[in-house]
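Take the sequence shown: its position 276, counting from 1, is numbered 276 in the UniProt record's numbering, and each next residue is one higher.
Take a look at the structure set out below.
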Amino acid sequence: MKPLISSPHPIRHFFLFLFVFTSFFNAQTLPYLKKDNNKVQLIVHDKPFLIMGGELSNSISGSIAHMENRENPIPRKKYAMINGSLGNDSSQNMTYKGSVWQQMVDLNVNTVLAAVSWEMIEPEEGKFDFSIVDAMVQGAREKDLKLIPLWFGSWKNGMSSYVPLWVKQDYKRFPRTQIQNEGSIETLSTFSEASLKADAKAFKALMAHIKKIDSAHHTVIMVQVENEVGIHKDSRDRSKRADKAYKSEVPKALMHYLIKNKGRLTPELDKLWKSSNYRTSGTWSEVFGESVWTELTFTSWQYANYMNHVAKEGKSVYNLPMFVNAWLEYGDDAQPGNFPTGGPLPRVMDIWKAAAPDIDFMSPDIYGSNFKEWCDLYTRQGDPLFVPETWWNKPKYVTYMLYAFGNYNTLGVAPFGIDRLEPEEYQPLREMYRAVSFLSPQILEYQGNKNKMQAFLLNKDTPTITLEMDNYMVKASLYKRRGTYRVDDAHGIIIKTDEDKFIIVGSKAVVSFNPKNGKEKAGIGPVNEYIYVNQKWQKGRRLGGDETNRGQGVFLPVEGLGIQDVIVYKYK
């Protein structure tokens, strides 16, 4: 047998060693999720990474020219987001010029979320074209941005609008979902094995290609599998296969999960199961009762199994973190069908966990006014929070996003459609991301430790809040002058960086301190204001007097975000 190296040669040995070492190093540094105590963090290049994201409009990634050069943009409407769908709002043309990648840099975005559709990469069955994927990865990499592809495979917003034409036309091979009163709709059925295999094959090819072009760079850091899945206008598929499955026994894998996690399930699922006195076998209606919520649970199981298979196939060739997103149920009387039935909603998170172990986490697309409540629901079982879609053109939601960074140990946020922002609309989002970027080392260090970091949201109904932080009680209050509140709301993040040192980012609040021991009082020492000059943060004024609310605390600016650090001292 001949040796692998026929003759000793130092240079040859060196390059062989370098090749093996580099391959090993690249394999070890693949982006991954790390769970540590009370937090889950995304690790990129061996360091925790905070996503300050922006999701592009659905179709902008369908054109290389449009992504790279918008010097002469095609006239188009501005849009408003209405309950998760787009509606015309005016006839003004988009005025931003240049590449979408430069626009993201101008917004202080560090991660771009962009659609990769099935029809885009496999226009003919078995013939793949990854030219747009290559352009996306290269465009992001040149601007030192990270990329999260959104796989628009079998479904996007509950419809199958981004599947290839050869799939759309062959409805016998790729059957559609059937609903009451309408019959077949333009939504691939979760019971179609042909659809499942074709989708998974295309996704696997996509992940293999990303590995080929990006495994040495890690521009691509996560992948979203499908988009806002679910059935419109009904609570489940009414096809013969679906009827048979609904009347069959609840799968043993799900029953095993329920029994194992009894007492820790989401309250909504526990309530359904309790209606049968926690039966451990039977049909769906026998185990969970006869209701539209049982049908939603059944449908969620089908979608989760389907999407887990797609994700698993993709991970088999390139094991990046993968997540799914949800079109949420809004309103107290929201019923399945009014929102897409079957998506990863909080009430069925346990169903998704049981059926889809290869999907790393579930994410909410938040457009309703109750941003905080949705974040609470998605983190109540200790899961990581990532908000891949929210409003981009409402300053209030920029406030919520800052709150998410400080309160939910979030992986990050990403307003949807921000390529539609015009220059005059940039400031709130750009300012917030600029501040978060500056403080990201502290935010990442203290995630999961409420003694070291907490956030606050204030309004006239809740004008003050007192937070316990290590050896201090920290009070945040709406700015008040002569007994009258001068603002309607305030927000911020408070980070305790040392025994008596704090750094605070926020707006329109006064932050004061009291020692927990009750035996001493707190005084305000040096307060430094940070300013942004020549593309970097630096210390500005040393504040005192009226600028520290007459020595009572840190006084955050009424206009825009402020960053201040303070040393607190104790006295009797």
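Just so it is clear, CB atoms sit at the ideal spot from N, CA and C, and this is done for glycine as well.
From a predicted model like this one, the values you see are computed outputs, not experimental measurements.
Among the options, the one whose alpha carbon lies nearest that of residue i
i	options	result
S300	R236, P441, L320	R236
Y278	R347, M255, T266	M255
S57	G483, V100, G525, D470	V100
N549	D500, A476, L377	A476
D470	K452, V505, Y479	K452
I132	P423, A65, P164, T466	A65
L467	Q442, K496, E445	K496
K539	T341, V566, I524, A205	V566
K212	L377, M120, N319	N319
S161	V413, E228, K35	E228
I43	L411, D419, K315, A245	L411
residue 618	A435, P48, D365	Any question about residue 618 goes unanswered here, given that the chain covers just 1 to 572.
M136	V287, H209, G158	H209
L439	G492, V487, L478	G492
V505	K480, E422, K521, M401	M401
P251	V287, D214, I221, V163	V287
E422	L33, K34, D106, Q41	D106
I351	F339, N261, G282	N261
E226	N157, T280, T219	N157
D498	A490, E529, Q442, Y530	Q442
M159	Q102, M222, K204, K233	K233
W118	A326, D144, W151, Q103	W151
The beta strand (DSSP E) enclosing residue i, as first and last residue numbers
i	result
A509	509-515
I443	It is not in any beta strand (DSSP E) - I443 instead sits in the alpha helix (DSSP H) that spans 427-446.
L411	Taken as a continuous stretch (DSSP letters only), L411 belongs to no beta strand (DSSP E), as it is neither H nor E.
Q535	Here Q535 belongs to no beta strand (DSSP E), and DSSP marks it neither H nor E.
S61	No beta strand (DSSP E) contains S61, which DSSP labels as neither H nor E.
M469	464-469
E226	223-227
D565	562-571
D489	489-498
S477	472-478
Euclidean distance between Cα positions of residue i and residue j
i	j	result
P31	D546	47 Å
D333	R347	15 Å
D129	L328	33 Å
R482	N459	18 Å
G553	A404	24 Å
Y485	T462	12 Å
W374	L345	10 Å
E125	E182	30 Å
K450	Y257	31 Å
K519	S507	31 Å
N393	E425	7 Å
Y306	L457	39 Å
V167	E313	20 Å
F361	F323	5 Å
L385	I51	11 Å
P175	L188	6 Å
I524	K516	16 Å
F339	D199	24 Å
S23	D214	Caution applies to S23, whose pLDDT of 47 falls short of 50 and renders its modelled position unreliable; the value that the coordinates give is listed next. One C-alpha to the other measures close to 13 Å.
residue 597	V558	One cannot answer for residue 597 here, as it falls past the ends of the chain, which runs 1 to 572.
D36	K97	43 Å
L561	N38	28 Å
N253	I503	According to the sequence provided, residue 253 is Ala. The question's Asn does not apply to it. If I take the Cα positions, the gap works out to 48 Å.
8 Å contact criterion, which residue i and residue j should meet: CB distance rounded
i	j	result
N108	K146	That belief does not hold up - the Cβ atoms of N108 and K146 are roughly 13 Å apart, past 8 Å.
L272	P336	So it is not a contact: roughly 13 Å between Cβ atoms.
I179	R238	6 Å
S61	A114	4 Å
M473	N514	5 Å
T341	Y367	At roughly 18 Å, the Cβ-Cβ gap does not stay under 8 Å, so T341 and Y367 are not in contact.
I563	A414	At roughly 23 Å, the Cβ-Cβ gap does not stay under 8 Å, so I563 and A414 are not in contact.
E249	T294	Not really, about 14 Å apart at Cβ, beyond 8 Å.
E193	P164	Not really, about 18 Å apart at Cβ, beyond 8 Å.
residue 573	N308	Because residue 573 is not part of the residues shown, which for the chain are 1 to 572, the question remains open.
R542	P526	6 Å
Q41	L444	7 Å
Boundaries of the alpha helix (DSSP H) in which residue i is found, first to last residue
i	result
G518	Where G518 is concerned, there is no enclosing alpha helix (DSSP H), given that its DSSP letter is neither H nor E.
K274	267-274
Q302	292-315
L254	252-260
D350	349-355
Q102	100-106
K240	240-246
Residue i: CB within 7 Å of a non-hydrogen atom of the ligand COA
i	result
E182	Summarising the ligand content, the structure contains no ligands, and the ligand COA is consequently not present.
| said: Threshold first: 4 residues or longer. Then list the alpha helix (DSSP H) segments lying entirely within the stretch 366-390, N to C. | reply: Taking only runs of at least 4 residues, the alpha helix (DSSP H) segments lying wholly in the stretch 366-390 are 371-379.
| query | Taking only runs of the beta strand (DSSP E) that begin and end inside the stretch 139-218, which ones reach a length of at least 3 residues, in chain order? | reply | Runs found: 146-156, 176-179, 183-188.
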